[in-house]
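Chemist: Counting from 6, one number per residue, gives the positions in the sequence shown under this note's numbering.
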Amino acid sequence: MKSKSPGVNTICTHVGELKDEQYKGAISPLYMSSSYAYEDVDVKRYPRYFNTPNQEGLSKKIAALEHCEAGLIFGSGMAAISHSMLAFLEKGDHVVVQKTIYGGAFNFMVEEFPKYGIEFDFTDGFSEADFRNKIKPNTKVIYVETPSNPLMLITDLEMISRLAKEHGLVSMIDNTFASPVNQIPADFGIDVVLHSATKYLGGHSDLCAGAVAASEEHIQKIWNVGKNLGGSLSDYTVWLLERSMKTLGIRVKAHNRNAKKIAKWLDKHDLVSQVYYPGLKSHPDHSLAKKQMKGYTGMLSFELIPAVTPEKFMASLKMIKQSMSLAGVESTILSPAKTSHALLSPEERERQGISDRLLRFSVGIEDKNDLIADLKQALETVVTDQMQNTVV
Numbered sequence: 006m007k008s009k010s011p012g013v014n015t016i017c018t019h020v021g022e023l024k025d026e027q028y029k030g031a032i033s034p035l036y037m038s039s040s041y042a043y044e045d046v047d048v049k050r051y052p053r054y055f056n057t058p059n060q061e062g063l064s065k066k067i068a069a070l071e072h073c074e075a076g077l078i079f080g081s082g083m084a085a086i087s088h089s090m091l092a093f094l095e096k097g098d099h100v101v102v103q104k105t106i107y108g109g110a111f112n113f114m115v116e117e118f119p120k121y122g123i124e125f126d127f128t129d130g131f132s133e134a135d136f137r138n139k140i141k142p143n144t145k146v147i148y149v150e151t152p153s154n155p156l157m158l159i160t161d162l163e164m165i166s167r168l169a170k171e172h173g174l175v176s177m178i179d180n181t182f183a184s185p186v187n188q189i190p191a192d193f194g195i196d197v198v199l200h201s202a203t204k205y206l207g208g209h210s211d212l213c214a215g216a217v218a219a220s221e222e223h224i225q226k227i228w229n230v231g232k233n234l235g236g237s238l239s240d241y242t243v244w245l246l247e248r249s250m251k252t253l254g255i256r257v258k259a260h261n262r263n264a265k266k267i268a269k270w271l272d273k274h275d276l277v278s279q280v281y282y283p284g285l286k287s288h289p290d291h292s293l294a295k296k297q298m299k300g301y302t303g304m305l306s307f308e309l310i311p312a313v314t315p316e317k318f319m320a321s322l323k324m325i326k327q328s329m330s331l332a333g334v335e336s337t338i339l340s341p342a343k344t345s346h347a348l349l350s351p352e353e354r355e356r357q358g359i360s361d362r363l364l365r366f367s368v369g370i371e372d373k374n375d376l377i378a379d380l381k382q383a384l385e386t387v388v389t390d391q392m393q394n395t396v397v
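1. Per DSSP, T337 forms a beta bridge with which residues?
2. Which residue's Cα is closest to the Cα of T151: F182, R262 and L331?
3. Ignore the nearest five residues each way along the sequence and tell me which others in A320's own chain have a CB closer than 8 Å to its CB.
4. With distances taken from CA atoms, which of K65, I325 and S345 is nearest V217?
5. Quick one: residues in its chain with C-beta nearer than 6 Å to the C-beta of N187, no 5 flanking neighbours on either side, listed in chain order?
6. Can the beta-carbon of L384 be found closer than 8 Å to that of Y281?
7. Touch check for the stretch 79 to 98 and the stretch 204 to 221: three-plus C-beta pairs under 8 Å?
8. Given a cut-off of 8 Å, decide if M329 and E371 are closer than it, judged by their beta-carbon atoms.
9. Compare the beta carbon distance of V175 and V197 with 8 Å and say whether it is the shorter of the two.
10. If the criterion is Cβ atoms closer than 8 Å, does the pair R256 and V368 meet it?
11. Looking at M164 and E133, is the spacing between their C-beta atoms short of 8 Å?
12. Within a Cβ cutoff of 6 Å, which residues of the same chain sit near F193, ignoring the five residues on either side of it in sequence?
13. Relative to the C-alpha of G284, which residue among W270, V277 and K265 is closest?
14. Where does R288 land, buried or exposed, given buried means 16+ other C-beta within 10 angstroms?
15. Just checking my contact of V243 with N59 at CB under 8 Å: how many whole Å lie between their CB atoms?
16. Using beta-carbon positions only, say whether L339 and F307 come within less than 8 Å of one another.
17. Please report the distance separating the alpha-carbon of H223 from that of V277.
18. If you draw a straight line from the alpha carbon of K295 to that of S184, how long is it in whole angstroms?
19. Look at the alpha carbon of S10 and the alpha carbon of L70, and state the distance between them as a whole number of angstroms.
20. Give me, in chain order, the residues of the same chain whose beta-carbon lies closer than 7 Å to that of P34; leave out the 5 immediate sequence neighbours on both sides.
21. Ignore the nearest five residues each way along the sequence and tell me which others in G207's own chain have a CB closer than 7 Å to its CB.
22. Determine the direct distance from the alpha carbon of S345 to that of S210, and round the result to whole angstroms.
23. Using 10 angstroms around the beta-carbon of V13, count the other beta-carbons present and answer buried if the total reaches 16, otherwise exposed.
24. Buried or exposed: N261, going by 16 or more other Cβ atoms within 10 Å of its Cβ?
25. Can you tell me the Cβ-Cβ gap for V102 and Y148, rounded? I've got them flagged as a contact below 8 Å.
26. With a threshold of 16 other CB atoms inside 10 Å of the CB of A31, please say whether the residue is buried or exposed.
27. Hey, quick one: how far does the beta strand (DSSP E) through M305 stretch, first residue to last?
28. If we call anything under 8 Å between Cβ atoms a contact, is D45 one with I159?
29. In three-state DSSP terms, what is E95?
30. Please report the distance separating the alpha-carbon of S153 from that of F125.
31. Using only the alpha-carbon positions, how far apart do E95 and K141 sit?
32. Out of T389, G76, R362 and E116, point me to the one whose CA is closest to E316's CA.
33. Should A378 be labelled buried (16 or more other beta-carbon atoms within 10 Å of its own) or exposed?
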């Protein structure tokens, strides 16, 4: 009888943990050494080779969560993306890229790929035809992000996997917004799964890291680029990330519950013109999200009506913080046009549907009623202030 694989919370808690053989401590010991013996050892360890004890343990946990054979951790999400891209691309190759992706990834491709002689095309939409029409004889990679940042658009993972296999391409996904708790891309045939581990994997807004999960063969290629470019992560941050991931399952489920409740509340509010959240039945990709996701994430975006100034609304919030990043236990909000997608031109943001009025809301794990009360008082404050100014 085949043994049942462990649940997500068990993986988060135990897979990849290091045993404290000397003192029998309950948690993974931290090995801070940057220098290890090379004679009479099974493995020649060196931080830049991604194989210190803490690095190896954390990589196993990430691989297990993503149902992959192996994993690697990097100094940032962009390091994970750039190393993985360069592992499978060389001069003359071509990449098909989803229409809307994280601004940093977009900027990396636009600014760096021409230096390497790598070609790329962004799709016109999200259908199979949109992706198929961009594939060329020299295409090597298909890159997607779902849910997308910041509009929460959903890409069909089975379709991407099928298309990639049909053309002998490597499929890559940025799975940051979903996290492995909500979505397992490898189960749909995606080859390389990427994360900004700074976000949900870390979850406490106190570290910067990136992660990759894939087959042993693909990880070996990425590792080879990594050892040359040197984007490794300090063992203290590795240890901190492994500690944080122990609560990933319960944290993400709390984020999910709050975000769904708040998305519904915002969707009914007279001062909100649009809410982008795949858990809403009104979302154009709701059925697809329901098919390939276990939860709809703690991320959502929304636009206020023209009469409400976004900056004044955010400044009126008392609990929800204006902050650059996302996916911490605390709720944060920002303007993508001024932060995550500021590197894009106004014309490119407009093409992607990212208006200056769009706000991205990372819903935390606070009591949902307290979060709704904060949103409500901020909206009321802004409307009252603007009415008074109009009268004056």
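The beta carbon of each residue, even a glycine, is placed where N, CA and C say it ideally should be.
Modeler: This is what the structure holds:
1. The residue given as residue 337 occupies position 332 in the sequence shown. Answer is K326 and S367, bridged to T337.
2. Position 146 of the sequence shown, counting from 1, holds the residue named residue 151. It is F182 whose Cα lies nearest to the Cα of T151.
3. Looking up residue 320 in the sequence shown gives position 315. Cβ neighbours of A320 beyond the five flanking positions: Q327.
4. Counted from its first residue, the sequence shown places residue 217 at position 212. Of K65, I325 and S345, the residue nearest in Cα terms is K65.
5. Translated into positions along the sequence shown, residue 187 becomes position 182. Result list for N187: M298, K299, G300 and T302, in chain order.
6. The sequence position of residue 384 within the sequence shown is 379, counting from 1. The sequence position of residue 281 within the sequence shown is 276, counting from 1. Result no, Cβ atoms of L384 and Y281 do not sit closer than 8 Å.
7. yes
8. One-based indexing of the sequence shown puts residue 371 at position 366. One-based indexing of the sequence shown puts residue 329 at position 324. Contact flag unset, no.
9. Start at 1 with the first residue of the sequence shown, and residue 175 comes out as number 170. Start at 1 with the first residue of the sequence shown, and residue 197 comes out as number 192. Yes, the pair counts as a contact, with Cβ atoms nearer than the cut-off.
10. Taking the sequence shown and counting its residues from 1, the one referred to as residue 256 is at position 251. Taking the sequence shown and counting its residues from 1, the one referred to as residue 368 is at position 363. Taking 8 Å as the Cβ cut-off, R256 and V368 do not qualify as a contacting pair.
11. Taking the first residue of the sequence shown as position 1, residue 133 is located at position 128. Taking the first residue of the sequence shown as position 1, residue 164 is located at position 159. Contact: yes.
12. Stepping through the sequence shown from its first residue, residue 193 is reached at position 188. L162, E163 and S166, listed in sequence order.
13. In the sequence shown, the residue the question calls residue 284 occupies position 279. Nearest C-alpha to G284: K265.
14. If you number the sequence shown from 1, residue 288 lands on position 283. The displayed chain sequence assigns His, not Arg, to residue 288. Result: buried.
15. Stepping through the sequence shown from its first residue, residue 243 is reached at position 238. Stepping through the sequence shown from its first residue, residue 59 is reached at position 54. Going by Cβ atoms, the distance from V243 to N59 rounds to 4 Å, so yes, they are a contact pair.
16. Walking along the sequence shown from the start, residue 339 turns up at place 334. Walking along the sequence shown from the start, residue 307 turns up at place 302. No, the pair does not count as a contact, with Cβ atoms beyond the cut-off.
17. Here residue 223 is taken as the residue at index 218 of the sequence shown, counted from 1. Here residue 277 is taken as the residue at index 272 of the sequence shown, counted from 1. Using only the alpha carbons, I get a separation of about 45 Å.
18. Stepping through the sequence shown from its first residue, residue 295 is reached at position 290. Stepping through the sequence shown from its first residue, residue 184 is reached at position 179. Distance between the alpha carbons of K295 and S184: 15 Å.
19. Stepping through the sequence shown from its first residue, residue 10 is reached at position 5. Stepping through the sequence shown from its first residue, residue 70 is reached at position 65. Using only the alpha carbons, I get a separation of about 11 Å.
20. The residue you call residue 34 lines up with position 29 of the sequence shown. If we look at P34 and ignore the five residues flanking it on each side, its Cβ neighbours are L23 and D25.
21. Indexing the sequence shown from 1 puts residue 207 at position 202. Hits under 7 Å: A214, L246 and S249.
22. Within the sequence shown, residue 210 is the residue found at index 205, counting from 1. Within the sequence shown, residue 345 is the residue found at index 340, counting from 1. If I take the Cα positions, the gap works out to 16 Å.
23. To locate residue 13, count along the sequence shown from 1; it is residue 8. Buried, by the Cβ-count rule.
24. The residue given as residue 261 occupies position 256 in the sequence shown. So N261 ends up on the buried side.
25. What you label residue 102 is simply residue 97 of the sequence shown in a count that begins at 1. What you label residue 148 is simply residue 143 of the sequence shown in a count that begins at 1. The pair is a contact, with the Cβ atoms about 5 Å apart (cut-off 8 Å).
26. The residue labelled residue 31 in the question sits at position 26 within the sequence shown. So A31 counts as exposed.
27. The sequence position of residue 305 within the sequence shown is 300, counting from 1. Checking the sequence shown, residue 305 turns out to be Leu, not Met. Counting along the chain, the beta strand (DSSP E) containing L305 begins and ends at M304 to L309.
28. Residue mapping note: residue 45 aligns to position 40 of the sequence shown, counting from 1. Residue mapping note: residue 159 aligns to position 154 of the sequence shown, counting from 1. Against a cut-off of 8 Å, the Cβ pair of I159 and D45 comes out as no contact.
29. What you label residue 95 is simply residue 90 of the sequence shown in a count that begins at 1. DSSP places E95 in coil when its eight states are reduced to three.
30. Taking the sequence shown and counting its residues from 1, the one referred to as residue 153 is at position 148. Taking the sequence shown and counting its residues from 1, the one referred to as residue 125 is at position 120. Their backbone Cα atoms lie some 19 Å apart in a straight line.
31. Translated into the one-based positions of the sequence shown, residue 95 becomes position 90. Translated into the one-based positions of the sequence shown, residue 141 becomes position 136. Computed Cα separation, rounded: 15 Å.
32. Residue 316 sits at position 311 when you count from the first residue of the sequence shown. Comparing Cα-Cα distances from E316 to each of T389, G76, R362 and E116, the minimum goes to R362.
33. Residue mapping note: residue 378 aligns to position 373 of the sequence shown, counting from 1. So A378 counts as exposed.
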